[in-house]
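These notes are about the structure you will find just below.
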Amino acid sequence: MVKRTSFEGDACPIARSLEAIGDWWSLLIIRDALFGVRRFGEFQSKLGMAKNILSARLRSMVDHGILETAPASDGTAYHEYVLTPKGRGLFPILVALRQWSEEFDDHPEQITTILVDRAKGRPVKKLELRAEDGRLLSQPDTMVKLRPASRRRSA
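In the UniProt record's numbering, the protein residues as written are 1 to 155.
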């Protein structure tokens, strides 16, 4: 068995994000939570995943502050999993993954849904990366550099 590496203390923000959401089950749980799934049984039936795996993923997302538990909205003794602001902040990431798949999937004709603006019913525009002055940026237009020491968070 290969031991999984932890990225919790890594300086790279991408690696650190993967520590919290880096497996496909977690992203699918977040996707369903964004669409209103809240109960363990609903997640399990929609995703078809083993209960022990689902339980571990939900616990990890609660530990990472992506989900929180709340009393069931119907007043039963059960609890529900609710996205926190940190969890809702993952929405643009899921949209980016969706749009990437729509553009590069080997079989885009098999994708049966589109993301639309609820108010207008029109497809959502592709996400864009823009500079502070509004210029459209692509990968060659960007670089990674050290954050000024005064803006780094102390550990």
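The beta carbon of each residue, even a glycine, is placed where N, CA and C say it ideally should be. As the structure is a computational prediction, the values presented were derived from the model and not from experiment.
Are the CB atoms of residue i and residue j nearer to each other than 8 Å?
| i | j | result |
| --- | --- | --- |
| L58 | I29 | yes |
| V37 | K51 | no |
| I26 | M61 | A quick correction: the sequence has Ser, not Ile, at residue 26. For S26 and M61, yes; Cβs fall inside 8 Å. |
| L137 | L127 | no |
| residue 156 | V82 | No statement about residue 156 is possible, as the shown extent of the chain runs from 1 to 155 and does not include it. |
Whole-angstrom Cβ separation of residue i and residue j, contact assumed at under 8 Å?
| i | j | result |
| --- | --- | --- |
| I114 | P123 | 5 Å |
| I66 | A20 | 6 Å |
| L34 | F91 | 6 Å |
| D105 | I111 | 7 Å |
Helix, strand or coil: which one does DSSP assign to residue i?
| i | result |
| --- | --- |
| P148 | coil |
| A70 | strand |
| L83 | strand |
| R57 | helix |
| L129 | coil |
| L94 | helix |
| L115 | coil |
| A20 | helix |
| L137 | coil |
| T142 | coil |
| K46 | helix |
By Cβ distance below 7 Å, which residues in the same chain neighbour residue i in space, the five residues on each side in sequence not counted?
| i | result |
| --- | --- |
| R39 | Y78 and E80 |
| F141 | Per the sequence presented here, residue 141 reads as Asp, with Phe not at that position. Here the set comprises nothing. |
| A155 | Residue confidence is low: A155 scores 48 on pLDDT, short of 50, so the model does not pin down where it sits. Its coordinate-derived value is still stated next. No residues qualify anywhere along the chain. |
| F7 | A15, R16, L18 and E19 |
| A102 | Sequence check: residue 102 is Glu here, not Ala. Excluding positions up to five away in sequence, the list reads P108 and I111. |
| K120 | none |
| R98 | L115 |
Among the residues of its own chain, which have a CB less than 6 Å from the CB of residue i, if the five just before and after it don't count?
| i | result |
| --- | --- |
| E68 | V82 and T84 |
| P13 | none |
| M143 | none |
| R31 | L94 |
Excluding the five sequence neighbours on either side, which residues of its own chain have a C-beta within less than 8 Å of the C-beta of residue i, listed in chain order?
| i | result |
| --- | --- |
| L10 | For the sequence presented, residue 10 should be read as Asp rather than Leu. The residues are R16 and E19. |
| R88 | L34 |
Between residue i and the ligand NAD, is the CB less than 7 Å from at least one heavy atom?
| i | result |
| --- | --- |
| E128 | Absence of the ligand NAD is noted for the structure shown, with no ligands found whatsoever. |
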